[in-house]
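One structure is given here, and the rest of the page talks about it.
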Amino acid sequence: MYGCRERFFRALDLVGVDRVPCVMPLQTGTVDLMRLCGCFWPGALREGWSMSVLGMAGFRFGGVESVRFPFDMNVVCEFLGCRLRYPCGFGQPVIVENAISGLEGVGGLEVGVGGRMSVVGEAVGFAKDIVGGRVPVLAALSGPFYVAGQVRGMEEFLLEVYKGCDGVFELLDVCLDVCQRYASYLVECGADCVVVLGVSTDLISPTMYREYALPYQKELVSGLDRSILHICGDTAPIFSDMVEVGADGVSVDSVVSLRGLKDVVGDECAVLGNVPPVDALLFGDQKKVVRESRRSIDEGCDILCSGCGLPPETPIENLIAMTETAKTYKK
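Position one of the sequence shown corresponds to residue 2 (the working numbering), numbered consecutively onward.
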């Protein structure tokens, strides 16, 4: 029998475990967990202690065998100058103004660590001190290509990439620099594993991914001791490319066949996934969650988790159904 922390590391390193762990590399803030722990958005998005308490709530109340921060994908782009709107209630922040209006503005972007990055670092440090001896502490950040799209405006940036405009690679270089600094800071604060959130393959073609996203993901991951890469959408055309990134694990969407991914990955890295976050965890009943969790395990996941971030309205009963399946089901 292994503890949660050791089981995660062994599963990530593919050295054998007593059972599949249920570790969540993606968004875990739900309304039920907010009510149980007393920390709500938007406060838990902008204050370190509240963020930490909500981040630990999945472990305390839902049986999740990890802690993960933050709860949105806008931390890096906000530091780089994007203006966000923080909705009241249970919505995540949205970009209302991009940091630059054209690629000629790249030179004015600030490089460093600041803004809400320090809030996430505080949350990581608090969790490390409180539960870090029992469960792994994960910290996530958007990858360079996605950040570049946020900074410039995704539609505009994709068009400029298609056209091969001057300044595209300069913007990607700046975003990589900031992502590297931020990732190193998260590790210094106590993160056991950094989760890199790649741009969805619903937005870019495999060819674009290989030229504009893959090299920057590889460079970012190369400086990390432990990392997980997650990409939403149907990533089947880039399975081998995801392995090439060099992360210790790859996490995929519920539309992906884990068996097909496992055939490509082999023993190169761990496979995480991929319980449907909407059809099963949000709208399904507990029986459906159990079926989908067993399906993921049977298809070969090394670590059980949702295929994308948890919708905020996910019932805690469904979350518990997934975590309990990992603890009791033997394929």
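Beta carbons are placed, not taken as given, at the ideal position from N, Cα and C, and that holds for glycine. Model, not experiment: these values are computed from the prediction.
Considering only residues of the stretch 170-247, which uninterrupted alpha helix (DSSP H) runs meet the minimum length of 4 residues and lie entirely inside it, listed in chain order? 215-223 and 240-246
Practice item. Return the first residue and the last residue of the alpha helix (DSSP H) that Ala12 is part of. Key: Cys5 to Asp14
Q. Within 10 angstroms of its Cβ, does Ser294 collect 16 or more other Cβ (buried), or is it exposed?
A. Classification of Ser294: buried, given that the 10 Å Cβ count is 16 or more.
- Item | Opposing strand residues paired with Ala140 [DSSP bridges] | Phe70 and Val195
To the nearest angstrom, how far is the alpha carbon of Arg153 from that of Tyr330?
46 Å
Query raised in the report: Relative to the C-alpha of Ser255, which residue among Val148, Gln218 and Thr236 is closest?
Result: Thr236
Roughly how many whole angstroms lie between the Cα atoms of Asp264 and Pro238?
-> 13 Å
Considering only DSSP beta bridges, list what Asn275 is partnered with.
DSSP lists Cys306 as partners of Asn275.
request  = Compare the Cα-Cα distances from Gly310 to each of Asp286, Val276 and Gln287 and report the closest residue.
outcome  = Val276
* Taking the DSSP output, what are the residues bridged to Val251? -> DSSP output for Val251 lists Leu230 and Val272 as bridge partner(s).
Between Val195, Ser51, Pro316 and Ser67, which has its C-alpha nearest Leu305's C-alpha? Between Leu305 and the set Val195, Ser51, Pro316 and Ser67, the nearest pair of CA atoms involves Ser67.
Cβ of Leu142 within 9 Å of Cβ of Val95? Their beta carbons are not under 9 Å apart, which means Leu142 does not touch Val95 by this criterion.
Practice problem: Spell out a yes or no on whether the stretch 242-250 and the stretch 213-229 are touching, meaning 3 or more CB-CB pairs, one atom from each, closer than 8 Å. | Solution: When C-beta atoms of the stretch 242-250 are compared with those of the stretch 213-229, three or more pairs fall below 8 Å, so the two segments count as touching.
query: Got a sec? Which residues, its chain only, sit under 8 Å from Cys78 by beta carbon, not counting five neighbours each side?
result: Around Cys78: Ile96, Ala100, Ser143, Val148, Gln151 and Val152.
| said: Please classify Gly134 as buried or exposed, where buried requires at least 16 other C-beta atoms within 10 Å of its C-beta. | reply: exposed
Reference Pro145, options Val112, Met118 and Tyr217, closest by Cα
Tyr217
Reduced DSSP secondary structure (H/G/I, E/B, other) of Leu37
helix
Could you tell me which residues DSSP puts in a beta bridge with Ile96? Leu85
message: Is it buried or exposed, Asp303, if we count other Cβ atoms within 10 angstroms and call 16 or more buried?
response: buried
query = The alpha helix (DSSP H) spanning Tyr163 covers which residue range?
reply = Bounds of the alpha helix (DSSP H) holding Tyr163 are Met155 to Lys164.
- Hey, how far is the Cα of Ile232 from the Cα of Gly199? When only Cα atoms are considered, Ile232 and Gly199 end up about 5 Å apart.
Between Gly92, Cys40, Phe127 and Leu81, which has its C-alpha nearest Arg117's C-alpha? For Arg117, the nearest C-alpha among the options comes from Leu81.
- Item | Own chain residues within Cβ distance below 6 Å of Ile71, not counting five before or after | Sequence inspection shows Pro at residue 71; the Ile mentioned does not correspond to that position. Within the same chain, Pro71 has close Cβ partners Val121.
Query raised in the report: Given that a residue counts as buried once 16 or more other Cβ atoms are within 10 Å of its Cβ, and exposed if not, what is Leu160?
Result: Leu160 is exposed by the Cβ-count criterion.
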